[in-house]
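Peer 1: Note that the protein sequences, when read in sequence, are chains Y and X.
For the first sequence, counting from 1, position 2 maps to 2 in my numbering; every step adds exactly one.
For the second sequence, counting from 1, position 65 maps to 171 in my numbering; every step adds exactly one.
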Amino acid sequence: MKSKLLVLFAALLLSFNAFAISLQDAKAQGLVGEQLNGYLGVVKSSAEAKSVVSSVNAKRKAHYEKIAKKNSITVSDVAKLAAEKAIQATKKGHYIQNKSGKWVKK
Amino acid sequence: MKTLHNSKVLLSVMLACYALVGCSPTVKIEPPDKPIVINLNVKIEHEIKIKVDKELDQLLSDDELF
């Protein structure tokens with residue numbers, strides 16, 4: 001019983017690790033990019049990219065909401081300001097969304 | 107004769123001075139009947155923007171977020 005639990009735990013840990021590619025790796029590999037709305041977007045559709053995007057965006061949203069509430073402005077305003085900064089801070093060679101919504105390399 | 111002329115001049119100068127002093131304008135300050143409204147919206151908006159800017163900079167330095 002105990003060993004079974006251990007195996008299950010190890011399997012969970014391994015699968016989690018296999019899935020969880022870091023955000024910086026995903027950016028460098030061109031899987032994800034910065035969108036105009038302040039959130040991450042999938043550039044090359046894959047399970048890895050999707051998982052990174054959804055987990056990072058959930059974290060971002062939580063932070064945006066906190067800042068918005070603290071300063072009594074809307075979440076979308078915070079996100080918009082964040083988008084400007086994020087796109088500006090994006091390294092050369094990583095993907096960003098242009099005005100028409102297409103992915104371009106910075 | 108000359109002293110008489112001088113005193114005439116003196117008198118007219120004095121009269122002119124009096125007239126000038128008499129005409130000095132009076133400045134009246136009246137409080138407005140409506141309350142004074144100063145709009146500070148711009149400043150507050152600016153302050154919020156700076157604050158949000160700072161907080162976003164902190165967020166952007168987080169490798170797991172950006």
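A virtual CB, placed ideally from N, CA and C, is assigned to each residue, including glycine.
Treat the numbers as computed from the prediction; the structure is a model and nothing was measured.
Span of the alpha helix (DSSP H) holding lysine 160 of chain X?
Peer 2: Where lysine 160 of chain X is concerned, the enclosing alpha helix (DSSP H) stretches over 147-166.
Peer 1: Taking only beta carbons into account, state which residues of the stretch 69-93 of chain Y come closer than 7 Å to chain X, listed in chain order.
Peer 2: Cβ contacts with chain X come from Asn71, Ile73, Val78, Leu81, Ala82, Lys85, Ala86 and Ala89.
Peer 1: Just mark glutamine 35 of chain Y as buried or exposed, buried being the case when its beta carbon has 16 or more other beta carbons within 10 Å.
Peer 2: With 16 or more Cβ atoms within 10 Å of its Cβ, glutamine 35 of chain Y is classed as buried.
Peer 1: At the 9 Å Cβ level, is isoleucine 67 of chain Y part of the contact set with chain X, yes or no?
Peer 2: Output row for isoleucine 67 of chain Y: interface = yes.
Peer 1: In the DSSP assignment, find the unbroken beta strand (DSSP E) run with tyrosine 64 of chain Y in it and report its ends.
Peer 2: Counting along the chain, tyrosine 64 of chain Y falls outside any beta strand (DSSP E), though it belongs to the alpha helix (DSSP H) covering 47-71.
Peer 1: Could one say the Cβ of serine 100 of chain Y lies closer than 9 Å to chain A's Cβ atoms, at least one of them?
Peer 2: In the structure shown, chain A cannot be found, because the protein chains are Y and X.
Peer 1: Checking contacts by CB at 9 Å: is lysine 59 of chain Y closer than that to chain X?
Peer 2: Cβ-Cβ to chain X under 9 Å: yes for lysine 59 of chain Y.
Peer 1: Since leucine 31 of chain Y is in the alpha helix (DSSP H), which residue starts that stretch and which ends it?
Peer 2: First-last for leucine 31 of chain Y: undefined, no H or E at that position.
Peer 1: My output table needs one value for leucine 171 of chain X: the three-state DSSP class, helix, strand or coil.
Peer 2: Here leucine 171 of chain X sits in coil by DSSP.
Peer 1: Is it a yes or a no for the stretch 76-91 of chain Y touching the stretch 57-68 of chain Y, going by three-plus beta-carbon pairs under 8 Å?
Peer 2: As far as the Cβ criterion goes, the stretch 76-91 of chain Y touches the stretch 57-68 of chain Y, which means the pair count is three or higher.
Peer 1: Evaluate the contact criterion for the stretch 19-33 of chain Y versus the stretch 44-57 of chain Y: three or more CB pairs, one atom per stretch, below 8 Å.
Peer 2: Contact holds: three or more Cβ-Cβ distances are below 8 Å.
Peer 1: Between X/Glu170, X/Ile154, X/Asp169 and X/Asp168, which lies nearest to leucine 81 of chain Y when the distance is taken from Cα to Cα?
Peer 2: If we check each option's Cα against that of leucine 81 of chain Y, X/Ile154 comes out closest.
Peer 1: Since glutamine 24 of chain Y meets chain X, which of its residues come closer than 8 Å, beta carbon to beta carbon?
Peer 2: Here the neighbours are Asp169.
Peer 1: Report the CB separation of histidine 111 of chain Y from lysine 85 of chain Y in whole angstroms; it is logged as a contact under 8 Å.
Peer 2: Not covered by the structure: residue 111 of chain Y. The range shown for chain Y is 1 to 106.
Peer 1: What are the boundary residues of the beta strand (DSSP E) that lysine 105 of chain Y is part of?
Peer 2: Segment 103-105, the beta strand (DSSP E) holding lysine 105 of chain Y.
Peer 1: Just list the residues that DSSP pairs glutamine 24 of chain Y with in beta bridges.
Peer 2: The partner list for glutamine 24 of chain Y (beta bridge, DSSP) is empty, contrary to what the question assumes.
Peer 1: Terminal residues of the continuous alpha helix (DSSP H) containing valine 133 of chain X?
Peer 2: Element bounds for valine 133 of chain X: n/a, residue is neither H nor E.
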